[in-house]
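Sequence lines, in order, name chains A and B. Per my numbering, the very first residue in the first sequence carries number 1; after that it's consecutive. Per my numbering, the very first residue in the second sequence carries number 1; after that it's consecutive. Every residue gets a Cβ at the ideal spot worked out from N, C-alpha and C, and that includes glycine. Just so it is clear, the structure is predicted and the values come from calculations on it, not from any experiment. Read the structure below first, then the notes.
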Amino acid sequence: MRLAITGGLVVDPSQKLSGSYTVLIEDGQIAGLVKDHKFPKGKGLTDYEIMDVKGATLCPGFIDLHTHLREPGFEYREDIASGTRAAAAGGFTTICCMANTNPVNDNGQVTEFILKQAKAKGLVHVLPVGAVSQGLKGKGLAAIGEMVSAGVVAVSDDGEPVMNGALMRHAMEYTKGFGIPVISHAEDKDLSQGGLMHEGEVSVRLGLKGIPAAAEETMIHRDILLARLTGCHLHVAHLSSRGGVDLVRQAKKMGIPVTCEVTPHHLLLTDEACAGFNPHAKVKPPLRSEVDRNSLLQGLCDGTIDAIATDHAPHSLDEKMTAFDEANFGMVGLETALPLLLKLVESRKLKLGEMVRLLTSGPATVLNLKKGSLKKGWPADLCIFDPKSPVTIDSSKFHSKGRNTPFEGFRLNGKILYTIVEGRKIFPFSTLNR
Amino acid sequence: MSLSIQNLLSIRDLKKSDIELILKTARNLKEISWRPIKKVPALRGKTILLCFFEPSTRTRTSFEIAAKRLSADTINISTGGSSMEKGESLMDTVRNLEAMQPDLVVVRHASSGVPQMIANWICCPVINAGDGSHEHPTQALLDLMTIEDAMDRGPRGRGPLGHRPSGHRPKRSVAGLSVVIVGDILHSRVARSNIWLLKMMGAKVAVAGPATMIPTEIRAWGVPIYNDLKEVIPMADVLMMLRIQRERGDESLFPSLREYARYFGLNCETFSGAKPSVVIMHPGPVNRGVEIAPEIADGAHSVILDQVTNGVAIRMALLYLMCGGKEKNQKLF
């Protein structure tokens, strides 16, 4: 199978490339890039299937470090088939799924089950993240070695912060030996107890209990100190606060092995999105103030933040359309990430190349994956999009089972044209994989 | 004249002209409660649902009496004894109730924002009768009416039969008055609604209490914060004492009721610095001896029971104005 994708603008931050190239693909791998689509004499494209994508932007397929696929256990919210379809529709070719399933992914059998389902029904690469503690209960360590052997790429008790500092220390010491990072969902559960949104003027106005930024900052600080103590690679999930960005920046300067991610929704929205008691804006960590949002954007530009991750968290509408304090936390993100981030590019908050880096080589580096680049011999995972094409966010058209988005009706630009995994066009969906 | 709103969810939705219309109507309707036959046919044939998903005596009875004095049919719904006990969702319960064609729905709920959500789900008008820590707009309106009345006649307290209403408009407004709200501002829907309403009507509003119960963000609304009751009491024309909400179960907000009463309750010592003309209010239910000493709650400065009386009048006015009341029907009462 040989494929030549021609006519597009290639953006590959891993090679500092941005320009007109034809991408050659053979046997699911990148066979080379040809500048300005000019081929040496006698070496035409006769042997290739040609895909003309004139005017489109080509880049490595997006990698999401933070997705909830809900299978096993919560298939009414999402399953591996629907979640990977949503990923493909959003330009993602690799997604990391969190462990808060039922049963929890805290042992090798569950990891194997997820990978088996992904192989049978998934459209994109699925890399499971295992639990830190048994059953996410924050007591004994999960079967970390067994899960690494089965294929987990990191461990995290995401959704359930590890409150016990000693357990977190031991998790980091133990995990370090297996060469994968510990991902921290940084939240002090005592400080966030009962909290529903960011603590600030809006929460006071709405009479909704707030979650202070300090709930995140104290835990980030603790985990950075433990990373220094243990030498384990700490990855901070979904950074939301100014203090959090400052702590990570400072830790990196000190040479502590820490990386971090931020979500599109924390980059686009503030706590004002909760006004009117919109349960779709209820998420953890909460949408914070404009000051926090600007600090996150600053962190993207100065290299403090390593990756953009969606924290795609599908819920059924029944779990959302209820009293604000009873509604579940979380929002879907795979199918809205690109147009939302392009809005930041349009408003000059973020450069296109930086955006692509934070979705490709950035997250690949966090997990040390041979992905996220169009270097010769690397997997031919690609995303091809039109950054100018107008889109209106319409949750009824989502491929995810989740409809819970605060961006309903947003008019944005940026449409995924093709998603390619190992040289195969998986999006737009053919009738075969529909 | 009619109201500019379809639902009463927050004081912030009201215009000044709405407030004036509500108070004028309430003063006209108040007199009905002193008639031998306390009923007019203004809302005959109208159905009003009283959905009290949180315990309430005062507000619920007040709404029910208000509706009945206007001849509306009232139905009481509460969580206990309703299909919500069987696990029916709030949205399903409300949509099923609406399918029976009520003319107006009154909602009380322990969660902030529920009346707003219900108003999004259904077509008929919704009145917020208190939602979580968010707002209690009808309480603020009855408080405003009570303050205006008290300023007009002086704070003499009420006689055994209450003040027979005259229907006239008080000469004094709340503009320029200093109103101090004392206590658990953090959890108080009454405080929020009163802050918005009284500030809109030109009063100076300050809050006082322990710092654990006062979110500093309210300074952004132009409301100064005092942590020392003795400092603020002498400047108050109106002292609004809030109930300590022991049911919230947040135990680290103050050390003990005894300590709270000593430093933040209105007792003979803290009260000694107050203006002679000061008016004392409390939205009820009162924790006697905690936020207010019994002799002050029952004393000459207290208008606590006038608040309750005015509550019926304010709710009659709102039901009338929001449930199809038109100027041309004025003769019905």
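- Each residue's CA atom was taken as its position, placing L208(A) and P60(A) some 42 Å apart.
- A residue is called buried once 16 or more other Cβ atoms fall within 10 Å of its Cβ, and D106(A) is buried on that count.
- Taken atom to atom, the span from the alpha-carbon of G108(A) to that of E272(A) is near 43 Å.
- One Cα belongs to E422(A), the other to H37(A), and the distance between them is close to 22 Å.
- For the pair T263(A) and G333(A), the CB atoms are nearer than the 8 Å cut-off.
- Around the beta carbon of T6(A), a 10 Å sphere encloses 16 or more other beta carbons of the protein chains shown; the residue is thus reported as buried.
- DSSP places N128(B) in the uninterrupted beta strand (DSSP E) bounded by 126 to 131.
- Rounded to whole angstroms, the separation of the alpha carbons of F271(B) and M240(B) is 13 Å.
- The alpha-carbon of T84(A) is positioned some 29 Å away from that of R288(A).
- In terms of CA proximity to D306(B), R153(B) leads the group K39(B), R153(B), Y260(B).
- In the DSSP assignment, S178(B) is bridged to K204(B).
- For I50(A), the enclosing beta strand (DSSP E) begins and ends at 49 to 52.
- For M200(B), no Cβ of chain A is located within less than 8 Å of the residue's own Cβ.
- A straight-line Cα-Cα distance of about 43 Å links I95(A) and T212(B).
- Bounds of the alpha helix (DSSP H) holding Q109(A) are 108 to 121.
- S302(B) sits buried, since 16 or more C-beta atoms from the chains shown fall within 10 Å of its C-beta.
- The way I'd put it, the region 49 to 66 of chain A does touch the region 370 to 387 of chain A; three or more beta-carbon pairs between them come closer than 8 Å.
- Under the 8 Å Cβ criterion, the region 163 to 180 of chain A counts as touching the region 130 to 144 of chain A, having at least three qualifying pairs.
- Counting along the chain, H266(A) sits inside the alpha helix (DSSP H) bounded by residues 264 to 268.
- In the DSSP assignment, Y174(A) falls within the unbroken alpha helix (DSSP H) covering 165 to 176.
- The beta carbon of Q116(B) falls within 8 Å of a beta carbon belonging to chain A, placing the residue at that interface.
- Judged by DSSP in its simplified three-state form, E319(A) adopts helix.
- Rounded to whole angstroms, the separation of the alpha carbons of I32(B) and I314(B) is 12 Å.
- Identification of chain A residues near P36(B) by a Cβ-Cβ cut-off of 9 Å yields none; the smallest Cβ-Cβ distance measures about 42 Å.
- In the three-state reduction of the DSSP assignment, V104(A) falls in the coil class.
- Between the region 50 to 66 of chain B and the region 98 to 114 of chain B there are three or more inter-stretch CB-CB distances shorter than 8 Å, so the stretches are counted as touching.
- In the three-state DSSP reduction, M281(B) falls in the strand class (E or B).
- Distance check between L269(A) and each of V23(A), K401(A), S241(A), Q193(A) places S241(A) closest, using alpha-carbon atoms only.
- Within the region 81 to 152 of chain B, the complete alpha helix (DSSP H) segments at least 4 residues long are 90 to 98, 114 to 121, listed from N- to C-terminus.
- Here D228(B) is exposed. Its C-beta has fewer than 16 other C-beta atoms within 10 Å.
- Think of a sphere of 8 Å around the beta carbon of S112(B): the chain A residues whose beta carbon falls inside it are L206, G207, L208, F277, F324, D325, in chain order.
- Using a Cβ-Cβ cut-off of 7 Å, D318(A) is close to S89 of chain B, given in chain order.
- Neighbours of E408(A) in chain B, taken as residues at a C-beta separation under 7 Å, are lacking, since the least C-beta distance is about 13 Å.
- Look at K397(A) here: in three-state DSSP terms it is helix.
- Within the region 174 to 199 of chain B, those residues whose Cβ lies closer than 7 Å to any Cβ of chain A are, in chain order, R189, R192.
- For M321(A), the C-beta contacts it makes with chain B under 7 Å involve M91, in order along the chain.
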